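Chains as they are written, first to last, in full-length UniProt numbering: chain A, 1 to 320; chain B, 1 to 320.
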């Protein structure tokens with residue numbers, strides 16, 4: 001594991017993701033003597049709580065250009081950890097004050113749109129920008145939910161650009177490794193394709209089931225008899241509407257492709273049910289079950305496993 | 001809560017559901033002095049383990065007609081707790097030995113098909129049959145997974161028939177209440193409609209997502225980056241293929257109606273994503289999120305709540 005230290009870290013959006021990074025780096029000894037963590041928020045209220053909790057040392061609001069200039073001067077790392085639709089605006093605020101030695105990274109759930117925004121705003125300075133996506137989340141959000149061990153044993157996907165120098169990418173990798181995360185690498189396009197399938201689509205499908213029930217006259221009766229299957233399936237339907245609206249729009253083409261593929265699978269299953277084809281149904285169900293069980297046994301997202309075991313299991317996985 | 005006692009209980013299919021009923025009734029004092037619990041299995045091996053664990057007192061195999069006659073003579077209650085496709089066959093085995101005072105009930109996930117089978121096999125003796133569905137399950141199955149408190153605070157839906165005497169229905173209700181369950185009532189048709197929506201459809205949707213991923217060349221890459229959303233959404237894709245095949249076929253028409261309705265919701269969301277209509281998406285997501293959160297706050301399926309609190313929360317819910 002590479003050693004990583006910083007003396008000045010600037011986080012745009014100090015919520016669960018940004019706050020957990022700050023807490024993890026500090027508690028794991030990555031902050032040098034006198035190091036400063038600066039939080040930038042849309043308004044004073046949004047960073048005040050992070051300041052009170054000691055997650056950041058200095059709070060700056062996005063509209064305070066002078067404070068932003070001071071904050072960004074000599075920064076080692078800038079992390080953008082806000083809903084993806086805000087990325088371009090934030091980069092526009094950052095660009096005028098960006099030091100040549102500062103590395104910028106992000107934590108967005110989509111990457112192609114973020115990369116396009118970075119290229120448009122930063123021009124050739126896009127070499128300083130390493131797109132990233134920590135695969136961690138909790139049902140709760142906001143800086144109060146930030147945890148120093150949120151990233152332990154979790155995947156962080158880097159989508160390095162051809163413009164990035166190897167050292168620049170290595171620095172961002174080392175930062176995330178210092179939090180206990182495991183680094184994976186893929187292109188932005190591949191990232192968006194993979195996460196459209198295993199994350200974005202399931203969110204849409206889960207929201208859709210609740211939406212369907214709500215549009216029926218006996219919704220209350222249905223909810224009152226919903227049990228464990230419904231609970232698990234719809235847990236992600238309690239996710240942030242703003243975040244998932246942004247993800248759906250930002251990753252539109254990959255998501256539509258997955259949605260169309262899924263609709264075809266449903267049509268296949270519908271035909272089997274309609275035809276009373278028990279063999280076809282059982283074949284699909286048995287194959288899915290075997291794959292789902294194998295995934296869980298390989299560690300799944302290592303929920304429920306002991307932290308030590310989880311971390312060991314993930315360390316044994318090859319980075320991709 | 002009505003007092004319920006039995007001296008002879010016969011369970012066809014001693015797995016999680018049947019085994020938990022036996023354990024609950026015994027540990028909660030519903031077995032009178034010298035009471036007997038008889039387990040009937042497809043083969044000797046399937047009931048042997050239940051006997052070893054002390055869940056049943058006597059093991060009988062389905063093909064042993066003489067033993068079946070002895071088992072059923074003078075039984076208070078017969079519970080059928082096997083995959084729903086077996087209901088008709090089991091009723092055919094039971095019918096020749098069914099005492100006039102014995103009450104038969106079941107634990108099937110679908111009801112219209114079970115009721116049709118009972119009418120066909122039992123004729124006018126269908127008055128002795130009270131269709132029921134305990135809404136309880138665990139990821140593990142089999143008699144080893146049986147728990148005496150599986151039903152505490154859980155819903156059990158009764159679908160009484162016009163032919164049932166009120167006392168007959170009350171006896172089955174009292175039996176389930178003795179396990180700590182909360183009784184709801186609806187027609188078989190209504191039951192199948194409600195559970196097609198909140199249970200059967202989500203299972204199909206969850207199996208379908210894993211199936212879709214498996215049919216892509218980068219399935220392994222996708223699985224290796226799947227996280228908490230995928231975990232929750234696909235937990236039910238690890239369910240029994242045989243059971244869910246049976247459910248899909250048994251509840252075909254209600255399930256197809258829900259599947260078609262769901263496909264329409266997906267088409268609506270697809271159009272919004274395609275059109276970049278963030279307002280429409282956020283509106284759907286926000287409404288779903290609010291409903292899902294409200295459901296959880298009302299007790300959900302009371303997962304994660306303290307047993308006492310859960311039970312109290314459910315006791316406060318009106319029976320339906």
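Glycine residues also receive a C-beta, built at the ideal position from the N, C-alpha and C atoms. No experiment lies behind these values; they were computed from the predicted model shown.
- Find out if the Cβ-Cβ distance for the pair residue 273(B), residue 252(A) is shorter than 8 Å. yes
- Message: Considering just the uninterrupted stretch of the beta strand (DSSP E) at residue 185(B), what are its terminal residues?
- Response: 182-185
- Message: What does DSSP give as the partner residue(s) for residue 79(A) in the beta ladder?
- Response: 11(A), 105(A)
- Assign residue 140(A) to one of two classes, buried (16 or more other C-beta atoms within 10 Å of its C-beta) or exposed (fewer than that). exposed
- Report back the beta-carbon spacing between residue 134(B) and residue 154(B) to the nearest angstrom; my notes put them in contact at under 8 Å. By a beta-carbon distance limit of 8 Å, residue 134(B) contacts residue 154(B). Their separation comes to about 7 Å.
- In chain order, what residues of the same chain lie with their CB nearer than 6 Å to the CB of residue 67(A), ignoring the 5 residues before and after it? 60
- Message: So, for residue 207(A): in the same chain, excluding its five sequence neighbours on each side, which residues have a beta-carbon less than 6 Å away from its beta-carbon?
- Response: Cβ contact annotation for residue 207(A) (same chain, cutoff 6 Å, sequence separation greater than five): 237, in chain order.
- Over what stretch of residues does the alpha helix (DSSP H) that includes residue 210(A) continue unbroken? From DSSP, the alpha helix (DSSP H) with residue 210(A) extends over 201-214.
- Query: Hey, how far is the Cα of residue 288(A) from the Cα of residue 201(B)?
  - Reply: Distance between the alpha carbons of residue 288(A) and residue 201(B) is about 16 Å.
- Query: Can residue 12(A) and residue 198(B) be called in contact, C-beta distance under 8 Å?
  - Reply: Contact check for residue 12(A) against residue 198(B) fails: the beta carbons are separated by 8 Å or more.
- Message: Just to make sure I have the definition right: I need the residues of chain A whose C-beta is within less than 8 Å of the C-beta of residue 86(B). Which are they?
- Response: Correct list: empty, because the minimum Cβ distance to chain A is about 13 Å.
- Query: By the criterion of Cβ-Cβ separation under 7 Å, what are the contact partners of residue 171(A) in chain B?
  - Reply: Simply none; closest approach about 22 Å.
- If the cut is a Cβ gap below 7 Å, which residues of chain A does residue 33(B) touch? Those within 7 Å of residue 33(B) in chain A number zero; the least Cβ separation is about 36 Å.
- Item | Cutoff 8 Å: residue 177(A) Cβ touching any chain B Cβ | no
- Could you check what DSSP says for residue 156(B) in three-state terms: helix, strand or coil? strand
- Message: Tell me the DSSP secondary structure of residue 34(B) in three-state form.
- Response: strand
- Residues of the segment 196-212 of chain B with Cβ closer than 8 Å to any Cβ of chain A, in chain order: 197, 198, 199, 201, 202, 203, 204, 205, 206, 207, 208, 209, 210, 211, 212
- Task: Starting from the Cα of residue 32(B), find the closest Cα among 55(B), 23(B), 285(B), 5(B) and give me that residue.
- Result: The option with the nearest alpha carbon to residue 32(B) is 5(B).
- Can you tell which of 99(A), 179(A), 62(A) has the C-alpha that lies nearest to the C-alpha of residue 90(A)? 62(A)
- Task: Measure the alpha-carbon distance for residue 262(A) versus residue 36(A) and round it to whole angstroms.
- Result: 47 Å
- Task: Using a Cβ-Cβ cut-off of less than 9 Å, give me the residues of the segment 226-242 of chain A that come near chain B, in sequence order.
- Result: So the close ones are 226, 227, 228, 229, 230, 231, 232, 233, 234, 235, 236, 237, 238, 239, 240, 241, 242.
- Message: Quick test of your reading: residue 70(A) and residue 102(A), contact by CB under 8 Å. State the CB separation rounded to the nearest angstrom.
- Response: Between the beta-carbon of residue 70(A) and that of residue 102(A) there is about 14 Å, and that puts the pair past the 8 Å contact cut.
- What residues of chain B sit near residue 263(A), judged by a beta carbon separation below 9 Å? 263, 266, 267, 270
- Message: Given this structure, state the Cα-to-Cα distance separating residue 47(B) from residue 147(B), to the nearest angstrom.
- Response: 17 Å
- Message: Does chain B have any CB closer than 8 Å to the CB of residue 301(A)?
- Response: It does; some Cβ of chain B falls within 8 Å.
- Looking at residue 16(B) and residue 142(B), is the spacing between their C-beta atoms short of 8 Å? yes
- Item | Proximal residues, the segment 273-288 of chain B versus chain A, C-beta separation under 7 Å | 273, 274, 276, 278, 281, 282, 284, 285, 286, 287, 288
- Cα-Cα, which of 258(A), 121(A), 275(A), 241(A) is closest to residue 322(A)? Residue coverage of chain A in this structure runs from 1 to 320, which leaves residue 322(A) outside it and unanswerable.
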